[in-house]
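Going by the working numbering, the final residue of the sequence shown carries number 449, and the count climbs one at a time with no gaps.
Heads up: the structure comes next, in structure tokens.
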Amino acid sequence: MERNIFSKGSFSSKNDQIVIWEEILKNLENILDEYSLKVIKTLKPKLESDNLISFLVPNEEYKDWLIDIVGDILKQEFSKRGKDFKVEVIKKTKENISSFSALISKKYTFDNFVVGASNEVAFKSSVEVANNPGELYNPLFIYGKVGTGKTHLLHAIGNFCLEKDLNVCYTSMNDFTEEMVLYLRSGHIMDFREKYKSVDVLLLDDIQFLSGKERTQIELFNVFNYLFYLNKQIVFAADQHPRNIKDVSERLLSRFEGGLLVEIGIDDMTKLSIIKQKVTFHGLPLDDRIIDYIKDNTSNNAREIEGLILQIRAKGSFLSSNIEKVEQLYDDYCIASTKENKKDKEIDPKVIIYEVESYFKISTEKDKRGKKSLLARQISMYLLRELTNLSLSDISKLFNYKNHSSAFHAIKKIEELIVKDEKISYTVERLKTNIKSHVYNR
Ligand code: ADP
Ligand code: MG
8 MERNIFSKGS
18 FSSKNDQIVI
28 WEEILKNLEN
38 ILDEYSLKVI
48 KTLKPKLESD
58 NLISFLVPNE
68 EYKDWLIDIV
78 GDILKQEFSK
88 RGKDFKVEVI
98 KKTKENISSF
108 SALISKKYTF
118 DNFVVGASNE
128 VAFKSSVEVA
138 NNPGELYNPL
148 FIYGKVGTGK
158 THLLHAIGNF
168 CLEKDLNVCY
178 TSMNDFTEEM
188 VLYLRSGHIM
198 DFREKYKSVD
208 VLLLDDIQFL
218 SGKERTQIEL
228 FNVFNYLFYL
238 NKQIVFAADQ
248 HPRNIKDVSE
258 RLLSRFEGGL
268 LVEIGIDDMT
278 KLSIIKQKVT
288 FHGLPLDDRI
298 IDYIKDNTSN
308 NAREIEGLIL
318 QIRAKGSFLS
328 SNIEKVEQLY
338 DDYCIASTKE
348 NKKDKEIDPK
358 VIIYEVESYF
368 KISTEKDKRG
378 KKSLLARQIS
388 MYLLRELTNL
398 SLSDISKLFN
408 YKNHSSAFHA
418 IKKIEELIVK
428 DEKISYTVER
438 LKTNIKSHVY
448 NR
């Protein structure tokens, strides 16, 4: 039957292939969210044979994402037209590597890092490493408590080195492990090694999660040695001194200590400067009462400081005359965040998903397929990443996605929206408060 439609012979022409693709895109408009659609629109169909159209994508993550999100729909749309399609990864190492850079957040730079006595050494070492990767301190190991700017510095080094066209990879120990397991399962561990051995600057965060993970330690040790002898830069960050991380092999520990080991913290003076910088950055008035209020109600943790400022801003209750209102409104937030310190990262994922779904009033199966549910899902994934230690693939699995890239793209999208869209930024902050009060007031 379908052969008839195509047997006129014209379908193998490039024009018709474009027509088909445009038709399909039009249909997708009603099904997909804006972001996915935008990405899909960048795809260029390539005619392999009369009945086969292929799409070239830059990397495996992209491919998995594409198949997860639109695989079924595309299959349907193409087969309606008697066509089949496939997705292929462009085999060019350079392209594959460039996918690393997507994991580096542009918002963390050296310029917007507030320097004070307790983080000066870590800051200066990071700047030097970024200026002379592989030459001075290798590895650089930064350790310090939560919210002291470790991740910020890793990304700042990353952004700086990307400017110099180096292959930069940022990943956290949990994601590294998850990824390794995926490659092991699929029997392609060599590809995993190749991938990490191809970088110029390796930025590894949350090294404390190496604890007890033997296989990860072996792989990391190998990657480390390889890069180290090629004078590639390696930077580690952890929430404690490497010697205090339990169950890590001696040979790795000695590597960690073989370069420069620096502690990072936030003292009271630095805290004050950070508050002032963030208050200004987020457009609040530099009012002493607001500054004091933030100072008194947060610990020396920049994330907490930022959280409180965003709360204040989101509510728009920042006029100095309104300081009492501010105080009242955010009492619950502060109780939550002080408690969060003690019980950091113990929030049940179910609570997060529940709070988001209630916020978006998603209860029926029909709601779950609707458009607002996509946004809800993306926000849930973003919050899971922010508030728990789940890896990208754990998060994906919670939503029945096969692969870590689904969570990755969702989180990226929300990160972008928070910057661009005041409403989303408000929603996300509001949800954080809801979740925290749900968790800590019980
Ligand atoms: P860590 O990785 O040590 O837990 P992060 O780097 O994630 O901490 O920092 C938490 C938040 O605080 C981030 O938004 C970061 O930009 C901000 N921050 C931390 N230290 C500073 C600093 N010295 N100057 C400006 N912002 C900071
Ligand atoms: Mg961090």
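Ideal Cβ positions, reconstructed from N, Cα and C, are used throughout, including at glycine.
Predicted model only: the values in this text are computed from it and were never measured.
For the candidate residues the options, whose alpha-carbon lies nearest to that of residue i?
i: N174; options: L110, F228, F406, D274; result: L110
i: R88; options: I27, E55, T434; result: I27
i: D207; options: S43, A245, F231, K239; result: K239
i: I271; options: S132, G78, R437, D57; result: S132
i: D57; options: I38, Q24, K82, I76; result: Q24
i: L209; options: S400, E423, I196, F148; result: F148
i: E226; options: H248, A245, Y190, P249; result: Y190
i: I421; options: T223, I282, L391; result: L391
i: R310; options: I282, R320, A129, Y433; result: I282
i: D213; options: I241, K202, Q224, T178; result: T178
i: D79; options: L39, D254, V153; result: L39
i: G154; options: Y366, I369, S306, I359; result: S306
i: E159; options: A383, V363, A129; result: The sequence shown places His at residue 159, not Glu. Ranking the options by Cα distance to H159, first place goes to A129.
i: D246; options: Y300, D303, L268, C168; result: L268
i: K427; options: H289, L381, Y366; result: H289
i: L217; options: G194, H195, S256, K157; result: S256
i: V121; options: V242, L279, Y300; result: L279
i: I273; options: K302, C176, A137; result: K302
i: E84; options: L63, K48, L32; result: L32
i: K409; options: E67, I360, N396; result: E67
i: I418; options: S112, S61, L63; result: S112
Counting C-beta neighbours from all protein chains within 10 Å, is the total for residue i 16 or more, i.e. buried, or is it exposed?
i: F415; result: buried
i: A124; result: exposed
i: K287; result: Note that residue 287 corresponds to Thr in the displayed sequence, not to Lys. T287 comes out exposed.
i: N34; result: exposed
i: E170; result: exposed
i: G377; result: exposed
i: Q318; result: buried
i: G151; result: buried
i: G219; result: exposed
i: E9; result: Confidence at E9 is low in this model, with a pLDDT of 35, below 50, so its placement is unreliable and no value can be given for it.
i: P139; result: Residue 139 is actually Asn in this sequence, not Pro. It counts as exposed.
i: M187; result: buried
i: Q385; result: buried
i: M388; result: buried
i: E29; result: exposed
i: K459; result: In the structure as shown, the chain starts at 8 and stops at 449, and residue 459 therefore has no counterpart that could be examined.
i: L438; result: buried
i: T371; result: exposed
i: R222; result: exposed
i: R320; result: buried
i: K379; result: exposed
i: L394; result: buried
i: S86; result: exposed
i: N126; result: buried
The beta strand (DSSP E) spanning residue i covers which residue range?
i: Q215; result: It is not in any beta strand (DSSP E) - Q215 carries neither H nor E in the DSSP assignment.
i: E270; result: 267 to 270
i: T287; result: Premise fails: T287 lies in the alpha helix (DSSP H), 275 to 288, not in any beta strand (DSSP E).
i: F92; result: 91 to 96
i: I241; result: 240 to 245
First and last residue of the alpha helix (DSSP H) that includes residue i?
i: Y190; result: 180 to 192
i: L259; result: 257 to 263
i: V230; result: 221 to 236
i: D401; result: 399 to 405
i: Y115; result: Careful: Y115 lies outside any alpha helix (DSSP H) and carries neither H nor E.
i: K253; result: Element bounds for K253: n/a, residue is neither H nor E.
i: E364; result: 356 to 366
i: H411; result: 411 to 427
i: S387; result: 378 to 394
i: D294; result: Looking at the DSSP string, D294 is not in any alpha helix (DSSP H), and its letter there is neither H nor E.
i: I451; result: The structure shown does not extend to residue 451, since the chain is modelled only from 8 through 449, so no value can be given for it.
Given 7 Å as the limit, tell me if residue i has its C-beta closer than that to any heavy atom belonging to ligand 4.
i: H248; result: Summarising the ligand content, the structure contains ligand 1 and ligand 2 and does not contain ligand 4.
Give a yes or no on whether 8 Å exceeds the smallest Cβ distance from residue i to chain C.
i: D355; result: Going by chain labels, chain C is absent from the structure shown, which holds only one protein chain.
(message) Contact between the region 114 to 127 and the region 158 to 173 is defined here as three or more beta-carbon pairs at a separation below 8 Å; is this criterion met?
(response) Yes: the two stretches touch, three or more of their Cβ pairs being nearer than 8 Å.
(request) Quick one: which unbroken beta strand (DSSP E) runs of 3-plus residues sit fully inside the region 130 to 171? Chain order, please. (result) Segments of the beta strand (DSSP E) lying fully in the region 130 to 171: 147 to 150.
(message) Within 8 Å, do at least three Cβ pairs link the region 71 to 86 to the region 39 to 49?
(response) Result yes; three or more Cβ-Cβ pairs closer than 8 Å.
(message) Please give me, in chain order, every unbroken run of the alpha helix (DSSP H) with length at least 4 that falls completely inside the region 35 to 90.
(response) Taken in chain order, the complete alpha helix (DSSP H) segments of 4 residues or longer contained in the region 35 to 90 are 41 to 48, 67 to 87.
(message) I'd like to know if the region 284 to 303 and the region 251 to 270 are in contact, where contact means that at least 3 CB-CB pairs between them fall below 8 Å.
(response) The answer is no - the region 251 to 270 does not touch the region 284 to 303, with fewer than three Cβ pairs under 8 Å.
(message) Taking 8 Å as the cut-off, does the region 78 to 93 touch the region 224 to 240 (at least 3 CB pairs, one atom from each stretch)?
(response) A contact between stretches requires three or more CB pairs, one per stretch, nearer than 8 Å, and the region 224 to 240 fails this requirement with the region 78 to 93.
(request) Take every Cβ of the region 178 to 196, pair it with every Cβ of the region 396 to 407, and state whether three or more of those distances are shorter than 8 Å. (result) Per the Cβ contact rule, the region 178 to 196 is in contact with the region 396 to 407 (3 or more Cβ pairs under 8 Å).
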